[in-house]
Amino acid sequence: MKCIYCGMKMEWGTTTLTLNVLKEPIPITDIPCLICTCGEVYLPLKIQAQIGRFAEVALSVEEEEESEEMATMTI
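Under numbering that gives the first Met the number 0, the first residue of the sequence shown is numbered 0, with each subsequent residue one higher.
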């Protein structure tokens, strides 16, 4: 596969993403991805979907905690 920015051939490697969940950074390490020599990183769609589901669950947990805090403040 070629990079859409520079046209060079990309190679498989791994990367680390950090999600800010519940006001704390959570690193997700060793994510398989395509890396170009120009610095671009491409995550496969399957990996993007898994990260998206993880983020949705984390956001719903964060929203529940915030609603509990608000409930305690109003009592």
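Each residue gets a CB set at the ideal place from its N, CA and C atoms; glycine is no exception. Being a predicted model, the structure only gives us computed values, none of them experimental.
Our two residues, I50 and L21, have alpha carbons roughly 16 Å apart in a direct line. About 7 Å separates the CB atoms of Y41 and M9; that is less than 8 Å, so the two are in contact. If the five residues before and after C32 are omitted, its C-beta is found closer than 8 Å to the C-beta atoms of W11, G12, T13, T14, V40, Y41, L42, P43, I46, all from its own chain and listed in chain order. With distances taken between CA atoms, I27 lies nearest to L18 out of L18, C35, I34. Looking at I3, L16, T36, the one whose alpha-carbon comes closest to that of F53 is L16. Around the beta carbon of C35, a 10 Å sphere encloses 16 or more other beta carbons of the protein chains shown; the residue is thus reported as buried.
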